[in-house]
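J.: Protein chains in written order, with the working numbering: chain E, 1244 to 1389; chain U, 1244 to 1389.
A virtual CB, placed ideally from N, CA and C, is assigned to each residue, including glycine.
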DNA sequence: CTGCCTGCAAACGATTTGCACCAGC
DNA sequence: GCTGGTGCAAATCGTTTGCAGGCAG
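#1: So, under 8 Å CB-CB, residue 1271 (chain U) and residue 1294 (chain U) are touching, yes? Tell me the CB distance rounded to an integer number of Å.
#2: At what residue ranges does the region 1278-1364 of chain E contain a whole run of the alpha helix (DSSP H), taking only runs of 4 or more?
#3: Buried or exposed for residue 1301 (chain U), please, with buried defined as at least 16 other CB atoms from any protein chain shown within 10 angstroms of its CB.
#4: Express the C-alpha separation of residue 1345 (chain U) and residue 1285 (chain U) in angstroms, rounding to a whole number.
#5: Given residue 1379 (chain U), which residues of its chain have a CB within under 6 Å of its CB, disregarding the five upstream and five downstream residues?
#6: Mark residue 1269 (chain E) as exposed unless 16 or more other C-beta atoms lie within 10 angstroms of its C-beta, in which case mark it buried.
#7: What residue does the beta strand (DSSP E) around residue 1377 (chain U) start on, and which one ends it?
#8: Beta-carbon of residue 1379 (chain U) versus every beta-carbon of chain E: anything under 9 Å?
#9: Any heavy atom of the ligand PLP closer than 8 Å to the Cβ of residue 1295 (chain U)?
#10: Report yes if the CB atom of residue 1375 (chain E) is closer than 9 Å to the CB atom of residue 1358 (chain U), and no otherwise.
#11: Give a yes or no on whether the minimum CB-CB distance between residue 1339 (chain E) and chain U is below 9 Å.
#12: Are the C-beta atoms of residue 1389 (chain U) and some chain E residue less than 9 Å apart?
#13: Report the option in E:1361, E:1364, E:1366 and E:1335 whose CA atom is closest to the CA atom of residue 1351 (chain E).
#14: Secondary structure at residue 1260 (chain E), three-state DSSP: helix, strand or coil?
#15: Given a limit of 8 Å on CB to CB distance, which residues of the region 1364-1378 of chain U reach chain E?
#16: Please confirm if residue 1358 (chain U) has its CB atom under 9 Å from at least one CB of chain E.
#17: Would a C-beta distance cut-off of 9 Å place residue 1316 (chain U) and residue 1331 (chain U) closer than the cut-off?
#18: Kindly indicate which residue of E:1267, E:1289 and E:1342 has the alpha-carbon position closest to the one of residue 1385 (chain E).
#19: What in chain U is Cβ-close to residue 1307 (chain E), meaning under 9 Å?
#20: Which residues, in chain order, does the region 1273-1290 of chain E contribute to contact with chain U at a C-beta distance below 9 Å?
#21: Can you look up residue 1269 (chain E) in the DSSP assignment and give me helix, strand or coil?
#22: Under a CB-based cut-off of 9 Å, is residue 1347 (chain U) close to chain E?
#23: Alpha carbons only, please: which of U:1288, U:1282, U:1278 and U:1289 is nearest the one belonging to residue 1321 (chain E)?
#24: Check whether chain U comes within 9 Å of residue 1319 (chain E), counting only Cβ atoms and requiring the distance to be less than that.
#25: Write down the C-beta distance between residue 1337 (chain U) and residue 1348 (chain U) rounded to the nearest angstrom, noting that I regard them as a contact closer than 8 Å.
#26: Nearest to residue 1366 (chain U) by alpha carbon, out of E:1381, E:1309 and E:1363?
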């Protein structure tokens, strides 16, 4: 159901008369390889050396495209920056209040969450996600350095 | 446990040697009166006529202060703007994918959500919140206008 | 009175847009 | 070769910061 691999994105591009450019491929590769739900800027920093002349603008545009193709999602968090998630299936997040780090909650770690009955309200629920907030291991452990 | 009324904020200010200014009172009043989880700019627009000479900067600073006092929270969503919630107790949200509208899920509409067991991971969960995404009534009903 | 708070302006960071050139198909 | 995609620069939007004056306690 969701687009998860380079090949699927390639096909999705074909189907819609879109080009599979180096930029699109590389940015998707980077996003798929990361588990930290990066922002557009983080992706840019990570990829710019691999794609000479890459523009920040392109990263924004490509990420937007990936979201439209169903290959990525924007993740909900309480900061002022958009962050992206290559996992478009239903899953949940652990968010550190201190460093704003965000990792997936392993599948099966949370039991069934019931969908509320909202017939009366007119709101149609299509999906949901849970953010568990707290302090991550790295932030709690002062860590010997400094 | 949480600070919910003007009086409680007034006392919290007192206790910490902070002034309860017109700006702080008015912005809190506005936030408490709204159910749409507004951004700083939305608050500014709503309040500027009531507080002559009010600065956008002050709205940002006051909202930040309210969060520090425990009178408000930043809400998690997938946009690039910080939005605020006067309800600091555990509750959940309905988020419209189309208009980005956000309302509280009425209490009791969702059953118990279990906390995952993360002893091994080093992550300490302090709280959680659920975002139910979908289409709100206003966005689904084309509405006769236009 | 005195220090905290605000307003202003400017800096800053994230994101978007217009346009000319370049590269997939 | 066409058409869409990219890079660049500038505009825009959201947010923060430095400083001088104003108000609550």
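T.: On the basis of the data shown:
#1: In the second chain, counting from the first residue as 1, residue 1271 (chain U) sits at position 28. In the second chain, counting from the first residue as 1, residue 1294 (chain U) sits at position 51. Cβ-Cβ separation between residue 1271 (chain U) and residue 1294 (chain U): approximately 12 Å, too far for a contact (criterion under 8 Å).
#2: Fully enclosed alpha helix (DSSP H) runs of 4 or longer: 1283-1290 and 1299-1312.
#3: By 1-based counting over the second chain, the position of residue 1301 (chain U) is 58. Taking all protein chains in view, the Cβ of residue 1301 (chain U) is crowded by 16 or more other Cβ atoms within 10 Å, so the residue is classified as buried.
#4: One-based indexing of the second chain puts residue 1285 (chain U) at position 42. One-based indexing of the second chain puts residue 1345 (chain U) at position 102. Going by C-alpha positions, residue 1285 (chain U) is about 14 Å away from residue 1345 (chain U).
#5: Along the second chain, read from residue 1 onward, the residue named residue 1379 (chain U) stands at position 136. In its chain, beyond the 5 residues on either side, 1339 and 1344 have a beta carbon closer than 6 Å to the beta carbon of residue 1379 (chain U).
#6: Against the first chain, residue 1269 (chain E) aligns to sequence position 26. The residue in question, residue 1269 (chain E), is buried, as its Cβ has 16 or more Cβ neighbours within 10 Å.
#7: Position 134 of the second chain, counted from the first residue, corresponds to residue 1377 (chain U). Unbroken beta strand (DSSP E) run through residue 1377 (chain U): 1367-1378.
#8: Here residue 1379 (chain U) refers to the residue found at position 136 of the second chain. Yes, its Cβ sits closer than 9 Å to a Cβ of chain E.
#9: As presented, the structure is devoid of all ligands, the ligand PLP included, so that no description of it is given.
#10: Residue mapping note: residue 1375 (chain E) aligns to position 132 of the first chain, counting from 1. Residue mapping note: residue 1358 (chain U) aligns to position 115 of the second chain, counting from 1. Yes, the Cβ-Cβ distance between residue 1375 (chain E) and residue 1358 (chain U) is below 9 Å.
#11: In the first chain, the residue the question calls residue 1339 (chain E) occupies position 96. Any Cβ of chain U closer than 9 Å to the Cβ of residue 1339 (chain E) would place that residue at the interface, and such an atom is present.
#12: Position 146 of the second chain, counted from the first residue, corresponds to residue 1389 (chain U). Annotation note: pLDDT 44 at residue 1389 (chain U) (below 50); position unreliable, no value reported.
#13: Along the first chain, one-based indexing puts residue 1351 (chain E) at 108. The candidate whose alpha carbon is nearest that of residue 1351 (chain E) is E:1335.
#14: Taking the first residue of the first chain as position 1, residue 1260 (chain E) is located at position 17. When secondary structure is reduced to three states using DSSP, residue 1260 (chain E) falls in the coil class, being assigned neither helix nor strand.
#15: Answer in chain order: 1364, 1365, 1366, 1367, 1368, 1369, 1370, 1371, 1372, 1373, 1374, 1375, 1376, 1377 and 1378.
#16: Here residue 1358 (chain U) corresponds to residue number 115 of the second chain, with the count starting at 1. Using a CB distance cut-off of 9 Å, residue 1358 (chain U) counts as an interface residue toward chain E.
#17: As a first step, residue 1316 (chain U) is located in the second chain; it is residue number 73 there, counting from the start. As a first step, residue 1331 (chain U) is located in the second chain; it is residue number 88 there, counting from the start. With respect to residue 1331 (chain U), residue 1316 (chain U) sits close: the two C-beta atoms are nearer than 9 Å.
#18: As a working note, residue 1385 (chain E) is residue 142 in the first chain. Of the listed residues, the one whose Cα sits closest to residue 1385 (chain E) is E:1342.
#19: Residue numbering aside, residue 1307 (chain E) sits at position 64 when the first chain is read from its first letter. Per Cβ cutoff of 9 Å: no residues; residue 1307 (chain E) is ~12 Å from chain U at best.
#20: Close to chain U, meaning a Cβ-Cβ distance shorter than 9 Å, is no residue of the region 1273-1290 of chain E at all.
#21: In the first chain, residue 1269 (chain E) corresponds to position 26, counting from 1. Shown here, residue 1269 (chain E) sits in a helix according to DSSP, grouped into three states.
#22: Start at 1 with the first residue of the second chain, and residue 1347 (chain U) comes out as number 104. False, the Cβ-Cβ gap to chain E never drops below 9 Å.
#23: Locating residue 1321 (chain E) in the first chain gives position 78, where the first residue counts as 1. Taking only the C-alpha atoms, the option nearest residue 1321 (chain E) is U:1282.
#24: What you label residue 1319 (chain E) is simply residue 76 of the first chain in a count that begins at 1. Yes, residue 1319 (chain E) lies at the interface with chain U (some Cβ there is under 9 Å from its Cβ).
#25: As a working mapping, residue 1337 (chain U) is identified with position 94 in the second chain. As a working mapping, residue 1348 (chain U) is identified with position 105 in the second chain. About 6 Å; that satisfies the 8 Å criterion.
#26: Numbered from its first residue, the second chain carries residue 1366 (chain U) at position 123. Cα-wise, what sits closest to residue 1366 (chain U) is E:1381.
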